[in-house]
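According to my numbering, the residues represented by the sequence shown are 12 to 243, in order.
In this text, a Cβ means the ideal position worked out from N, Cα and C, and glycines have one as well.
Every value quoted in this text rests on a predicted model; they were computed, and no experiment measured them.
Here the structure comes first, spelled out in structure tokens, and everything after it is commentary.
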Amino acid sequence: MTFNDFISLLRGVGLVGITARLLCAIICGGIIGLERESKRRAAGFRTHTLICIGASLTTLISQFMLFELSLPTDPARLGAQVISGMSFIGAGAIIVTSRRQVKGLTTAAGLWTAAIIGLTIGAGYYEGALIATFLVLFAELGLSKLEYYIVSNAKTMTVHIEFTDPGDLDTIVDFISKREMAVNDIEYTKSKSLEASYPSVILTLKLRKKKNHEKTLTMISEIKGVRSVEEV
């Protein structure tokens, strides 16, 4: 058997081709899922693996119906339903916290991409699937560091501050305004800790000079009356 014959066998819809595609789906989906699992996300290793296997099998079903059963069907129809149907699973992974933090967007995008990679594998396009898998890993691991650097040095930041007494808010705003920062927006909320309920605000700050956000948070935490502060 020549190399070209082996490749044709892998791209076929026989037992060897089906097994190779589903195994490849487990590998690609699992690799993406492991990165999410390492960050303790709800949709992790098993979720990504199952989605990639299911999407791959969807394409295989379309090809089987077309080539083996000779049914007059559009091989891309089932795959299109997978892409649109993934929006429901992706939406379930996205939440908005009480502090206006949007969480789960990267996980939702990863699930959607894992489904498309599964469709790609099911079509026998192994090269595209493998390249896409490693690019997804690069985006989630490599670009996350770049994103953190850009965000942590941006001239705009949003912080959640919890303080002891409502009268402390004027002190906090006055302190910030004297440190080359401007308060663009104030949203008053209430934080409930285990021992008591304390007032809190979400402030949108405009930094007049480039400052490291961690140092800014440390500076705000030292204001009298501030119980906790975090960037959101």
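Alpha-carbon spacing of residue i relative to residue j, whole angstroms
i, j, result
"phenylalanine 56", "glutamate 46", "8 Å"
"serine 31", "leucine 21", "Inspection of the sequence shows that residue 31 is occupied by alanine rather than by serine. C-alpha separation (whole angstroms): 6 Å."
"glutamate 241", "isoleucine 213", "10 Å"
"glycine 65", "asparagine 15", "28 Å"
"lysine 222", "glutamine 92", "47 Å"
"serine 95", "lysine 50", "27 Å"
"lysine 40", "serine 232", "Correcting the residue identity first, residue 40 is glycine in this sequence and not lysine. Distance between the alpha carbons of glycine 40 and serine 232 is about 42 Å."
"leucine 228", "lysine 114", "21 Å"
"methionine 230", "leucine 152", "30 Å"
Element boundaries [alpha helix (DSSP H), containing residue i]
i, result
"leucine 34", "26-49"
"phenylalanine 149", "It is not in any alpha helix (DSSP H) - phenylalanine 149 carries neither H nor E in the DSSP assignment."
"isoleucine 62", "56-74"
"isoleucine 105", "Counting along the chain, isoleucine 105 falls outside any alpha helix (DSSP H), and DSSP gives it neither H nor E."
"methionine 230", "224-232"
"lysine 156", "154-163"
"glycine 129", "116-133"
"aspartate 181", "179-188"
8 Å Cβ cutoff met for residue i and residue j
i, j, result
"glycine 129", "alanine 36", "yes"
"valine 237", "histidine 171", "no"
"isoleucine 105", "leucine 116", "yes"
"isoleucine 43", "alanine 125", "yes"
"serine 211", "threonine 200", "yes"
"valine 24", "glutamate 79", "yes"
"leucine 33", "serine 81", "no"
"isoleucine 62", "leucine 148", "no"
"phenylalanine 186", "isoleucine 234", "yes"
"threonine 84", "methionine 97", "no"
DSSP-derived helix/strand/coil call for residue i
i, result
"leucine 21", "helix"
"glutamate 79", "helix"
"methionine 168", "strand"
"aspartate 196", "strand"
"arginine 88", "helix"
"glutamate 138", "helix"
Start and end residues, beta strand (DSSP E) containing residue i
i, result
"lysine 217", "208-218"
"valine 243", "First-last for valine 243: undefined, no H or E at that position."
Decide if the region 191-199 is in contact with the region 137-149; the criterion is three or more beta carbon pairs, one per stretch, under 8 Å apart.
No, the region 191-199 is not in contact with the region 137-149.
Within the chosen definition, does the region 210-218 reach the region 156-169 through at least 3 CB pairs nearer than 8 Å?
yes
Counting Cβ pairs closer than 8 Å, one from the region 102-120 and one from the region 66-75, do we hit at least three?
no
Could you say if the region 174-187 and the region 154-164 meet the contact criterion of at least three C-beta pairs nearer than 8 Å?
As far as the Cβ criterion goes, the region 174-187 does not touch the region 154-164, which means the pair count is below three.
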